[in-house]
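Worksheet for the structure shown next.
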């Protein structure tokens, strides 16, 4: 039986580039994968780009791949959950330091279920209908346990994010597939107390002693976890 394809979905301000090292590791293990650029964070994004637009992009690409496992990081967790009902051959949902909103809840509301501010909150700047990140503060929020070279590279890739994507509510119902959550204990972006609440909404969970971006700080260990879920 053919292996499922891992469809890798980045979080806010990111892109398919975030999965560079994980993709290389999956390829080394002969595991099929694809990574997606979400419409809400591409250069030149329309300000009225919502969670549903990101989810549609994911479901359309996932439905080209046969059996799939959706992997969502940070805001990407909300995206894969919104997309799941429209993915025909979905085997599993995997969340990495991710948001798992309730029906009718936005990504922003999900982060506020626990009243705690993070370094990511301090880094966010509002620019009209978009959110940007202060690059100096983003280093600590997103990449504090990555190498300096990797951090410099990642900071240079960051884009803006539409306000609408974070504020639009989840509208899709739950799907009957297993879900797996990876908690990142040193995270400066999504507080561990929020992650614990999100993990309780999943069937299984694991823990990495990493910051917010283990796909860049410890891609091999992260791959060990996500591949073991197949």
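Residue numbers (my numbering): 17 to 246.
Every residue, glycine too, gets a C-beta built ideally from N, C-alpha and C.
Proximity to residue i [Cα-Cα], best of the options
i	options	result
residue 223	168, 202, 66 and 136	202
residue 174	32, 21 and 22	32
residue 97	83, 82, 114 and 81	114
residue 104	22, 82 and 168	82
residue 99	52, 238 and 200	52
residue 149	131, 205, 198 and 130	205
residue 119	169, 106 and 95	95
residue 192	61, 219, 177 and 207	219
residue 244	160, 228 and 198	198
residue 129	102, 161, 61 and 214	214
residue 221	108, 141 and 127	108
residue 56	21, 196, 152 and 30	30
Between the CA atoms of residue j and residue i - distance to the nearest angstrom
i	j	result
residue 19	residue 48	7 Å
residue 54	residue 139	21 Å
residue 236	residue 40	10 Å
residue 58	residue 194	30 Å
residue 163	residue 172	14 Å
residue 211	residue 80	31 Å
residue 63	residue 179	7 Å
residue 137	residue 43	35 Å
residue 146	residue 112	24 Å
residue 36	residue 46	15 Å
residue 93	residue 143	24 Å
residue 183	residue 117	12 Å
residue 106	residue 226	28 Å
residue 181	residue 240	31 Å
residue 230	residue 84	22 Å
residue 177	residue 73	16 Å
residue 134	residue 102	33 Å
residue 160	residue 169	13 Å
residue 151	residue 242	29 Å
Residue span of the alpha helix (DSSP H) that contains residue i, given as start and end
i	result
residue 135	135-139
residue 77	67-78
residue 38	36-44
residue 171	164-173
residue 200	Element bounds for residue 200: not the alpha helix (DSSP H) but the beta strand (DSSP E), 195-200.
residue 97	91-99
residue 5	It is not possible to answer for residue 5, since the shown part of the chain is limited to 17 through 246.
residue 116	Where residue 116 is concerned, there is no enclosing alpha helix (DSSP H), given that its DSSP letter is neither H nor E.
residue 103	From DSSP, residue 103 is part of no alpha helix (DSSP H); its letter is neither H nor E.
Cutoff 6 Å; reference residue i; Cβ partners in own chain excluding five residues on either side
i	result
residue 166	232
residue 216	none
Residue span of the beta strand (DSSP E) that contains residue i, given as start and end
i	result
residue 183	First-last for residue 183: 179-183, but that is the alpha helix (DSSP H), not the beta strand (DSSP E).
residue 106	106-112
residue 210	Element bounds for residue 210: not the beta strand (DSSP E) but the alpha helix (DSSP H), 208-215.
Residue i at chain C interface by Cβ criterion, 8 Å
i	result
residue 100	Checking the listed chains, one finds no chain C in this structure; it contains a single protein chain.
Beta-carbon proximity list for residue i, same chain, < 7 Å, skipping 5 on both sides
i	result
residue 77	23, 50 and 52
Other residues of its chain near residue i: CB distance less than 8 Å, five sequence neighbours each side excluded
i	result
residue 132	207, 209 and 210
residue 127	115, 206 and 210
On the three-pair Cβ rule with 8 Å, is the stretch 82-102 touching the stretch 17-33?
Counting Cβ pairs under 8 Å, three or more are found: they touch.
Within the chosen definition, does the stretch 182-194 reach the stretch 61-69 through at least 3 CB pairs nearer than 8 Å?
Here the stretch 182-194 makes contact with the stretch 61-69; the two share three or more CB pairs at distances below 8 Å.
Count Cβ pairs between the stretch 116-132 and the stretch 151-168 that sit closer than 8 Å; are there 3 or more?
No, because fewer than three Cβ pairs between the stretch 116-132 and the stretch 151-168 fall closer than 8 Å, the two stretches do not touch.
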